[in-house]
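Worksheet: the structure to be examined is printed underneath.
In the numbering used here, the protein residues as written are 93 to 652.
This is the structure in structure tokens:
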């Protein structure tokens, strides 16, 4: 045996050709010995059939151009030799009937059969994975290469291939190395990651060893978060084992599995698949009892799933409404509360049954309490906007609904202001509510929103003012604001992008009883806009145009 010392470790330096020759010599010997055995005929018949397949697999392996250069070939040939020697040894024991017991020998023969299956499979995989195209050194000396990037990629490919070949403990060692490599060099790992490597990792998620599952899900979590492997992960069946880990994994396993689902659920198709694989119940349980990070990841995953309309009823049947309302108040991290608000916004978007469920579980009160906190308000206000039609105005007023909307209009983000203005539109049918909204100080804030760059924000502000201005005291409030007429005239722009024009016409019609407002409208160019809107059959445009033109003529004759 030729040996050298590498970093103080004795390494067998025989060439791949020498290992191959030794294996080819042992195959016929093993077959002959096996045929001599009289006992356990069924088991030995199966073992012989597998031994007879070894030469063709060795031939395929040795015919590869890089056969003699790759360390994995040497290791694979050594594994085959070890199995062949074990077959010869067990055959001799059976012939001489010197084994310890029948059950023990049956177990040993079953183990031998499994090792032969593994050897045959691994020989095929070495070729299929393409790893033989890399002339790699042992990992311990790979760093001495004169081409660092090529050497790194080659070493990583070899490491990834080791996840697919060999016995479980060997895969475990490869997994340990991969975890360490990803900490230092995730970019290069992602650069050479292939679909077969993903499949091998997904398979390791179902290993019997909790340690292997935990390390595997750590790697998969990094892959999911990288955003480069989602399709492969899902197509290779990662969802069911991830969901099982969320159900019954270790603390680390649950956390990494939930974060993986959070990332993967951003795709609507995957979100539906998570529901189909029974993932909702474990995620809800994590929201109720998980630690802070896992709870936030579970809440975000459910929020992503709730964005898919057709699964919302399934979510409700699993109890998501009550859980999300609870998170609004009791979420461990602020992020959990924010995800809960977004989830409730999604759930209440179009389903009246879910709206009633949220109301009956105290959702409006919890959303209003959420608005008093430091978190982004847009989703909570949007959820409230969705709910106001499902509860009486008296209830809303009793919960200090209007003061909170005013606060959002004053200090909220543009998105939150838009949702608040939309909520005002929905509650302003009765005259007494319009009066209360006006008295709460909403009108100047809505007029200011008419200057926003967003078309949708301007539209909802104009709609709210249009509704409020039908009450005389609110109309006077709009007239008193110097910016109202100029802003509304700007919204008469006939371009298709301007979706607020019909509401601007309605608002200006309410203001046109004032001579001062009519003069301002004319001076800011309303007549030119209204002529175009009249041709487009915008409701009220022609009537307002006639009113302004009559006023313009009277003004002209009066001056003469």
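Here a beta-carbon is modelled for each residue, glycine too, at the ideal position from N, C-alpha and C. From a predicted model like this one, the values you see are computed outputs, not experimental measurements.
Separation of residue 632 and residue 583 (C-alpha to C-alpha, rounded to the nearest whole angstrom) is 14 Å. Excluding the 5 residues flanking it on each side, residue 334 has same chain C-beta neighbours closer than 6 Å at 349, 352 and 353, in chain order.
For residue 202, the three-state secondary structure derived from DSSP is helix. Ranked by Cα distance from residue 320, the first of 380, 296, 283 and 299 is 283.
Across the structure, residue 499 and residue 558 are spaced so that their CA atoms are roughly 21 Å apart. Here DSSP, grouped into helix, strand and coil, assigns residue 211 to helix.
Shown here, residue 346 sits in a helix according to DSSP, grouped into three states. By the 16-neighbour rule on beta-carbons within 10 angstroms, residue 415 is buried. Non-local beta-carbon contacts of residue 281 in its own chain, meaning distances under 7 Å to residues more than five positions away in sequence, involve 248, 273 and 274 in chain order.
311 is the residue among 311, 172 and 302 whose C-alpha sits nearest the C-alpha of residue 276.
Secondary structure at residue 434: helix, using DSSP grouped into helix, strand and coil.
The beta carbon of residue 477 sits closer than 6 Å to those of 511, 514 and 515, all from its chain and outside the five residues before and after it, given in chain order. Beta-carbon to beta-carbon, residue 394 and residue 412 are separated by about 6 Å, close enough to satisfy the 8 Å threshold. Residue range 506–519 is occupied by the alpha helix (DSSP H) that includes residue 508. By the 16-neighbour rule on beta-carbons within 10 angstroms, residue 214 is buried. Taking C-alpha positions only, residue 429 is separated from residue 150 by approximately 60 Å. Counting only unbroken stretches of 4 or more residues, the alpha helix (DSSP H) elements lying wholly within the segment 592–650 are 593–603, 607–615 and 618–627, in sequence order. Counting C-beta atoms within 10 angstroms of its own C-beta, residue 270 has 16 or more neighbours from the protein chains shown and is therefore classed as buried. In the structure shown, the three-state DSSP call for residue 191 is coil. Around the Cβ of residue 374, a 10 Å sphere holds 16 or more other Cβ atoms; the residue is buried. Residue 485 is positioned such that its CB atom lies closer than 8 Å to that of residue 519. Per DSSP, the continuous alpha helix (DSSP H) segment holding residue 310 begins and ends at 302–318. In the three-state DSSP reduction, residue 109 falls in the helix class (H, G or I). Counted as a single uninterrupted DSSP element, the alpha helix (DSSP H) harbouring residue 459 occupies residues 455–463.
One Cα belongs to residue 347, the other to residue 388, and the distance between them is close to 10 Å. By the neighbour-count definition (other C-beta atoms within 10 Å, threshold 16), residue 594 is a buried residue.
Looking from the CA of residue 112, the closest CA among 166, 129 and 125 belongs to 166. Residue 576 counts as buried, since no fewer than 16 other beta carbons sit within 10 angstroms of its beta carbon. Around the beta-carbon of residue 434, 16 or more other beta-carbon atoms lie within 10 Å, marking it buried. In this structure, the straight-line span from the alpha carbon of residue 294 to that of residue 315 is close to 12 Å. A direct Cα-to-Cα measurement between residue 447 and residue 436 gives close to 9 Å. By alpha-carbon distance to residue 119, the top candidate from 253, 169 and 156 is 169.
Annotation for residue 421: 458 and 461 place their beta carbon closer than 7 Å to its own, counting only its chain and skipping 5 residues before and after. Judged by their CB atoms, residue 529 and residue 479 are not nearer to each other than the 8 Å cut-off. The Cβ atoms of residue 328 and residue 291 sit closer than 8 Å to each other. A Cβ-Cβ separation of about 15 Å leaves residue 142 out of contact with residue 200 under the 8 Å criterion.
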